[in-house]
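When you read off a place in the sequence shown, starting at 1, and then add 9, the result is the number in the numbering used here.
Beta carbons are placed, not taken as given, at the ideal position from N, Cα and C, and that holds for glycine.
Keep in mind that this is a model prediction, so the values were computed, not measured.
See structure below.
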Amino acid sequence: MEQVFAPWRIEWVRRDEKNPDVESCVFCELPERDADRENLVVARSTHAFVLLNNAPYNPGHVMVVPRVHGGAYEALDDDVLLDHARLKRRTIRALDAAVEPHAYNVGMNLGGGPAGGSIADHVHTHVVPRYEGDTNFMPVVSDTKVVVEAIRETYDHLHEAFAAQEGATATDGETAVDLDLD
Ligand SMILES: [Zn+2]
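See the structure below:
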């Protein structure tokens, strides 16, 4: 049987290690914390933010997430939709500069269940850079320490790429880049 490579069908976002039982939404919580680099939040716009996906590891795999909590894409306000779309465009530009992929997969899991994904109650778009031959590369990178170091490096490259964009404000490398997209 042919295996379809679809990394957005499986996703995992690090939960709070101190409170593993916390039921709250990570997409609501992570951008509120005061540790963007640690939490892999790399850029923010008015209504959305960009978060690196850490497992499965694929260099530069990010999620573009509206700030408002909710699982229904069609319920998002026009302001949020536009800001989210603009941030996706900026994210592709930043990835072009930071990790130079050959292609992209961009997609959402809506409604959970057969759509896959593990967080159905907060809309998010996966942006996955693709490289010639990356399906062969993927299984090689399974060492957790290697992945953690690699993801910090990707964070820094991507942070730099966002910081170089029009309307960007970057205070330091530990804090997500603020983007004015209007
Ligand atoms: Zn949420």
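Problem - Three-state secondary structure (DSSP) of Glu20 - result: A caution first: Glu20 carries a pLDDT of 43, below 50, which makes its placement in the model too unreliable to give a value.
Exercise for the section: Under 8 Å Cβ to Cβ from His56, same chain only, skipping five residues before and after it: list those, please. Expected result: Pro75, Arg76, Val77, Asp88, Val89, Asp92, His93
Exercise for the section: Go through the residues and name those whose CB comes closer than 7 Å to any heavy atom of ligand 1, in chain order. Expected result: Going along the chain, the residues that qualify are Cys34, Phe36, Cys37, His78, Asp130, His131.
Exercise for the section: For Pro138, count neighbouring Cβ atoms within 10 angstroms of its own Cβ and tell me buried if that reaches 16, exposed if not. Expected result: Classification for Pro138: buried.
Problem - Residue range of the unbroken beta strand (DSSP E) whose run includes His135 - result: 134-139
Handout entry: Integer-rounded CB distance, given that Val71 should sit under 8 Å from Thr100
Key = 6 Å
Practice task
Have a look at the DSSP bridge pairing and note the partners of Val51.
Solution key: Its beta-bridge partners do not exist; DSSP assigns none.
Handout entry: Whole-angstrom distance between Ala106 and Ala172, CA atom to CA atom
Key = 11 Å
Practice task
State the beta-bridge partners of Ala112 as determined by DSSP.
Solution key: Arg139
Practice task
Go through its chain and collect everything with a Cβ distance to Met147's Cβ below 6 Å, but skip five positions before and after it.
Solution key: Since pLDDT at Met147 reaches only 47, below the 50 mark, its modelled position is unreliable, and the value read off the structure follows with that caveat. Correct list: empty, nothing qualifies.
Problem - Residue environment, Ser33, which counts as buried when at least 16 other CB atoms sit within 10 Å - result: exposed
Handout entry: Whole-angstrom distance between Asp181 and Gln174, CA atom to CA atom
Key = 15 Å
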